[in-house]
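Top to bottom, those sequences are chains A, B, C, D and E. As numbered in our numbering, residues 761 to 1074 make up the first sequence, in order. As numbered in our numbering, residues 761 to 1074 make up the second sequence, in order. As numbered in our numbering, residues 761 to 1074 make up the third sequence, in order. As numbered in our numbering, residues 761 to 1074 make up the fourth sequence, in order. As numbered in our numbering, residues 761 to 1074 make up the fifth sequence, in order. Inspection log for the structure reproduced underneath, given as structure tokens.
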Amino acid sequence: MGPIMIGSMEVKSLNAQKSLLDTLAPGKRTRLRRLLYEFGPGNGTLMLLPIDQGIEHGPRDFFPNPESKDPDYQFRLAAEAGYSALACQIGMAERYYPDYAGSVPLILKVNGKTDIPSSDNALSTCNASVEDAVRLGADAVGYTLYVGSPSQGQDLEQLRQVRQDCDRFGMPLVIWAYPRGSALDAKGGQTTFYAIDYAARMAMEMGADVVKLNLPKIDPEKDKLTPAPYNEMDVTQEEAIRQAVESAGRALVVLSGGSKISDEKVLEQTEFIMKAGGSGVIYGRNVWQRPWNDALEIVEQIKQSLLANVTRVP
Amino acid sequence: MGPIMIGSMEVKSLNAQKSLLDTLAPGKRTRLRRLLYEFGPGNGTLMLLPIDQGIEHGPRDFFPNPESKDPDYQFRLAAEAGYSALACQIGMAERYYPDYAGSVPLILKVNGKTDIPSSDNALSTCNASVEDAVRLGADAVGYTLYVGSPSQGQDLEQLRQVRQDCDRFGMPLVIWAYPRGSALDAKGGQTTFYAIDYAARMAMEMGADVVKLNLPKIDPEKDKLTPAPYNEMDVTQEEAIRQAVESAGRALVVLSGGSKISDEKVLEQTEFIMKAGGSGVIYGRNVWQRPWNDALEIVEQIKQSLLANVTRVP
Amino acid sequence: MGPIMIGSMEVKSLNAQKSLLDTLAPGKRTRLRRLLYEFGPGNGTLMLLPIDQGIEHGPRDFFPNPESKDPDYQFRLAAEAGYSALACQIGMAERYYPDYAGSVPLILKVNGKTDIPSSDNALSTCNASVEDAVRLGADAVGYTLYVGSPSQGQDLEQLRQVRQDCDRFGMPLVIWAYPRGSALDAKGGQTTFYAIDYAARMAMEMGADVVKLNLPKIDPEKDKLTPAPYNEMDVTQEEAIRQAVESAGRALVVLSGGSKISDEKVLEQTEFIMKAGGSGVIYGRNVWQRPWNDALEIVEQIKQSLLANVTRVP
Amino acid sequence: MGPIMIGSMEVKSLNAQKSLLDTLAPGKRTRLRRLLYEFGPGNGTLMLLPIDQGIEHGPRDFFPNPESKDPDYQFRLAAEAGYSALACQIGMAERYYPDYAGSVPLILKVNGKTDIPSSDNALSTCNASVEDAVRLGADAVGYTLYVGSPSQGQDLEQLRQVRQDCDRFGMPLVIWAYPRGSALDAKGGQTTFYAIDYAARMAMEMGADVVKLNLPKIDPEKDKLTPAPYNEMDVTQEEAIRQAVESAGRALVVLSGGSKISDEKVLEQTEFIMKAGGSGVIYGRNVWQRPWNDALEIVEQIKQSLLANVTRVP
Amino acid sequence: MGPIMIGSMEVKSLNAQKSLLDTLAPGKRTRLRRLLYEFGPGNGTLMLLPIDQGIEHGPRDFFPNPESKDPDYQFRLAAEAGYSALACQIGMAERYYPDYAGSVPLILKVNGKTDIPSSDNALSTCNASVEDAVRLGADAVGYTLYVGSPSQGQDLEQLRQVRQDCDRFGMPLVIWAYPRGSALDAKGGQTTFYAIDYAARMAMEMGADVVKLNLPKIDPEKDKLTPAPYNEMDVTQEEAIRQAVESAGRALVVLSGGSKISDEKVLEQTEFIMKAGGSGVIYGRNVWQRPWNDALEIVEQIKQSLLANVTRVP
């Protein structure tokens, strides 16, 4: 892949990226390799199942598919449909993961919050530790970082402990990098290229091995509010993702889909993400808000799309 | 129990739930089994006596029955009437429990607060530790979580330490899951189905072994303020409880009665709670605000109702 | 002492209280017994000399008796007049107590603050530790708890460490239980029966061995602002004290006099306090704001009053 | 019970002993009370089942009753026959106790050894901790102390940590007090009154809550080798036990039977032990080296004998 | 020195003060004696050179004498002019002190702040530890306490750690006691007799060995805003200092000059300070904002004044 021109900027090819696995210490490498090659679609891709909506949004997300209210539904799905890993909070990991231990890797989300208070000053505090993850046999730790929140000081301090423990225990660190908070809202909000790009870089600099980003949305009205030169750039969504992936450096990037969309859109998006340099996807509601057989079916199609569109060696 | 229809949703039967005791580590199992089978009404039920009103409300709750001002009154009641356990704060546990040590199990409440400041930003900080509970011979630890409070970050961080210590010492964790705070008030307040359901799920995901909930109240005016789909659901109180019990997953649920009501109402409510999948009740003022003999009598009737209406294997 | 009628309530006699000393662990028992029997007036009474006005109010309290500005004045007074103990902050304990070590017991006050900021959000942070108290040979630790302050969360968390260290080292814990803060001001302020009663109970439940209370003041205007049933009760000051003493349960209660009053009033108040179930008094300015000989004289009279009016076995 | 004359010595009645439970801190009291009153024969007695022969002697003890080789046999026996507690090593507690958690109390033996090397220099090192006991929900900790062994220095040092942790966690400490070693052999061996009496006192002085002793055997040849005045005393076995029980002070004493004897002898011995001031018995091989029904039958008879011959309030 | 009359109050002579050195533990005594007798003017005086203006005010203080911008200038001055000690922050101590190690004692300032935010809520957080001071061979530790700031709670808590570490390592503690903050501004501000007097007492009670005060300024308009009896007192500046020195008890007091004044004023002030009971001076800008030779000259004159006016034995 040759250099890409965005406006007047020359962008370095992703192929120039050194492999992440080559730079990782043994424990992190051992564990992350399981997700990339031994479980899930393999071939260096990641297909992750998040099961944290119960605390992040409350039980309301389970109503479209009442079976999904029993956490066992998603755990079974993760194991039987062949995910690279599932991601959940401590209580679920302790009660529901044991039945699937060894059948599907676990990413322990160590922080979380409800969506009841406003997110002006968003902060997600730790309810579990990296040592909990080690004890439970997890293969990675997940952490939500609210980039730009007025509470970022506490957030970074807390992340420091998690990162240090990940280094100490050889545990891969997956950062959910979410731009958030009142100050950011005044600069175009959480979905601009500016915001997503900053989040990607921040996560990388804070020590992420894998960065989870939301898809940037191109909206000229909002982009005008972002700092220069973002306010004057004219990029497509694909270019925006590609740049954000680059901002994450050697860290791998997975992107998420958000609320439920059509099958076509899911597959189109997956292809798009992989072509833009993503290492995989993290789809929750788009999968488990379906009846069992439908869920298995769409997962199979996502897998095929991931494998067909790999552009990056992890 | 067959499938239950709520609106158009089919809800999984509680009988499908895996037993909690089967999933617990030995220390937690040993201790929780004592409450469920060796003390109290037994047969997998819980009849808990809370003695924390002295700090949560101040001495005013003792005025209707002045004898109750001496903590020994409630401790003696717990032991002689045959409760599954009593729950109190550290000072009472250290001074009054020794006389009843071994006669009735102790749940040490490790956090608490007065009701003097407003609860807009409710937070109950720890005044005792899980190690205190171990040292005093307690069989469980109690923690109040204010779900949705603007201070939830501190709350979850604090709970993490308690939960980890519970894991370390094999101590069952009982979470008083109370929706609370200014942000929630704007979404219908603390008694809606939405609020109680979210609290149940939150407590489970944070690692509760037993969740204490308040009874949801169906109030169309308040329900309108809750997020979709709660604002459009038309459920009875019984259905609401049943769903909240499900949201707590494998964690057992006990429900409380709040301020004093008539005997008939107490027994009716107990039956109702058990039929909706509850594992027991936690009645404080409804019991000890009565003279001694009356208290013993109502306790006996509650016991009978608990045993007659068991619907769930713990 | 027979049953006492307050309105329509019959109150249990204090004689029914189990002895505090009987329930204490050996280290606490050893040390507290020194204050109650070996030093001071003895016979289970407490006559405490507080020397913390220098930080709580600043040096202005020393102007009426300039000799008192030299801390040695109060230390010498405590030793020579035969107090049960003196209470002071760390700096004074390190510099002035050594000359009187062994002659009069020391209560190390471990927290304190100036009165310069408003007390709307009062919090007194720790400037010394229980281990400091052990090292200095103190026989008890003093802690000021601002019951009902919006900062009560931090207060209770901090007290927990102090209480646990007291348990660990066998050190008696004396809690200065002061209702305080903006929320309380809206409920009648810090001197109502409601406020003092709540403070007494709170201190007991948080693990106090001895509770220091201020005298409640009966003021119908303020009482109207307190929660039911306090707002409708018609109690005398003596009844209010008696009840607050009961709210402290097995913990002993000492009461203070506040700013300087006449000799007659001091003695009348002392008798009154003891008859209401108090275990002693804590008079500071009323004593050391006098010239040496006058101070010795009033102390002697207070001692006689304490011994003549004992109603409770510690 | 009046004074007893042994030779020319008047022996204080055991009834003069202060209650052990009254002197224990809350956690120890809670847990020990369970063994004495809530489980087993009750009424302050102890019927303990030791399951430590597998390491102390090797599997050879299981050959007389091959079913007993499966540890579940003894665990089930402890639970179904209604023992006060069972005592075993860490591996058995982790693998077999969970099925009986809460049904019968656990005493975790924290040290142990094989009988392969000679016992000239006996020392039993710790293979588990008091914290393990807490985590597993045990109600007491067991420790074997080899009184008089040339390795006693290491033994006492190790016991100190166990004892401190027992104090910290409120865990009762049961000391298996065994006279042992080459030096003792030169003074009459491990079964003399001298040796047992010394062991009882040693265990008490080291902080035992319960002391497990072997029955002294009166053997004039061996007694001659003991230090004065033991070498000149002429006591019966019952008097020897009574004195050893007194040497254990406020600690309770249980006695064991050793290798299998006839039913008559077992029951005779049980009565004898209780009349001499013992609080119970610890019979292992005498029970589980029998077929299931025979075992249940003898246990029932032992229970009756214990309850019929109580002479001491714990 | 006879008694001094202030209004109608008789003030105890400072000669009645017990020696500070006599009350110190060996490590503190060893180190402080170096400053008082082995370095600097000696004879129990202190001439301290503060070099913390770079962070407290920024580099602007160095512009009057550009040579002073190189920290080596002040370090060399401290050593060559024969100061009792210099006081600076960790970075300077690590980079510049080694060249003068042993030539002049070091006081490590462990907290500091910029003057960019307003001082309404002043708090100076620790950027170094007492252990750093030990490691660097310092002879004392400096700490800035903002007496009366709304952040005083955090300040006192932080000071507690510093004080405990000073006790642990035998390190003298010098407290810069500065009245500060919005609440104090409403009571006359930071230069009144009231404010300085309170600060002196506070520092002493918090464990200072040496207290650094600013000179009080008599301003009737401001004094009216102070609490009684300060608002009605009519004292000279000298009397105010003398009283503040007394409020510091056995702790030694040094006073500072603030911004640059004339040579005459510096010497007049030095004499004045010593006659009022001060133990020395801490002059920074008044010295190093001069060219090298002028600086050496004024230092020599200050030394002579200190030695000629000693009124207190340390």
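Each residue gets a CB set at the ideal place from its N, CA and C atoms; glycine is no exception. Treat the numbers as computed from the prediction; the structure is a model and nothing was measured.
Pairing residue 1009 of chain C with residue 964 of chain C gives a Cβ-Cβ distance under 7 Å. Under the three-state reduction of DSSP output, residue 810 of chain E falls in the strand class.
Taken through DSSP and simplified to helix, strand or coil, residue 1015 of chain C comes out as strand. As the crow flies, the alpha-carbon of residue 876 of chain E is around 34 Å from that of residue 929 of chain E. In terms of beta-carbon proximity, residue 928 of chain A stays away from the interface with chain B, with every pair separated by 7 Å or more. Listed as beta-bridge partners of residue 1026 of chain E by DSSP are no residues whatsoever. DSSP places residue 1058 of chain D in the helix class (H, G or I) of the three-state scheme. Between residue 1046 of chain A and residue 1063 of chain A, the CB-CB gap reaches or exceeds 7 Å.
Taking the Cα positions, residue 916 of chain B is about 8 Å away from residue 872 of chain A. Cα atoms of residue 809 of chain E and residue 1052 of chain E: separation of roughly 14 Å, rounded to the nearest angstrom. DSSP places residue 902 of chain A within a strand segment (E or B) once states are collapsed to three. Of the candidates B:966, B:1042 and B:1072, B:966 places its Cα closest to the Cα of residue 922 of chain B. Of the residues D:925, D:931 and D:958, the one whose Cα lies closest to the Cα of residue 938 of chain D is D:958.
Residues 976, 978, 983, 986, 990, 993, 995, 1000, 1003 and 1004 of the same chain have their beta carbon placed closer than 8 Å to that of residue 953 of chain E, with the five preceding and five following residues left out of the count. Against chain B, the CB of residue 852 of chain A has a partner CB under 7 Å away; the residue lies at that interface.
Taking residue 1037 of chain C as the centre and dropping the five residues before and after it, the same chain places the C-beta of 774, 1001, 1002, 1005, 1006, 1013, 1071 and 1072 closer than 8 Å to its C-beta, in chain order. Within the DSSP secondary-structure output, residue 848 of chain C pairs in a beta bridge with C:868. The bridge partners DSSP lists for residue 937 of chain B are B:905. Proximity of chain A to residue 919 of chain B at the Cβ level (cut-off 8 Å) is accounted for by 887, in chain order.
Flagged as an interface residue toward chain B: residue 874 of chain A, by a C-beta distance shorter than 7 Å. In the DSSP secondary-structure assignment, residue 926 of chain B is not bridged to any residue. Under the DSSP assignment, residue 1073 of chain E falls outside any alpha helix (DSSP H); it carries neither an H nor an E label.
Within the same chain, Cβ atoms closer than 6 Å to the Cβ of residue 904 of chain D are found at 871, 884 and 936, the five residues on either side in sequence being excluded. Listed along chain B, the residues sitting closer than 7 Å to residue 861 of chain D by beta-carbon distance are 786, 789, 790 and 793. Taking a C-beta distance under 7 Å as the contact criterion, residue 847 of chain E and residue 902 of chain E qualify as a contact pair.
Going by beta carbons, residue 910 of chain B and residue 792 of chain B fall outside the 7 Å limit.
Not a single CB atom of chain C sits nearer than 7 Å to the CB of residue 1016 of chain E. In the displayed model, residue 1042 of chain C falls within a strand according to three-state DSSP.
Between residue 1016 of chain E and residue 974 of chain E, the gap from beta carbon to beta carbon is short of 7 Å. Its chain contains 998, 1069 and 1071 as the residues whose beta carbon lies nearer than 8 Å to that of residue 1035 of chain D, once the 5 sequence neighbours on both sides are disregarded; these appear in chain order.
Straight through space, the alpha carbons of residue 838 of chain A and residue 822 of chain A are spaced by roughly 16 Å. A contact is defined here as three or more CB-CB pairs under 8 Å, and the segment 817-836 of chain D fails this definition with respect to the segment 776-788 of chain E. Taking a Cβ-Cβ threshold of 9 Å, the residues of chain D close to residue 797 of chain B are 862 and 863, in chain order. The beta carbon of residue 1072 of chain C sits no closer than 7 Å to any beta carbon of chain E. Around residue 878 of chain B, the beta-carbon contacts reaching into chain C at under 7 Å are 943.
Residue contact check for residue 1007 of chain E against chain C: a CB pair falls below 7 Å.
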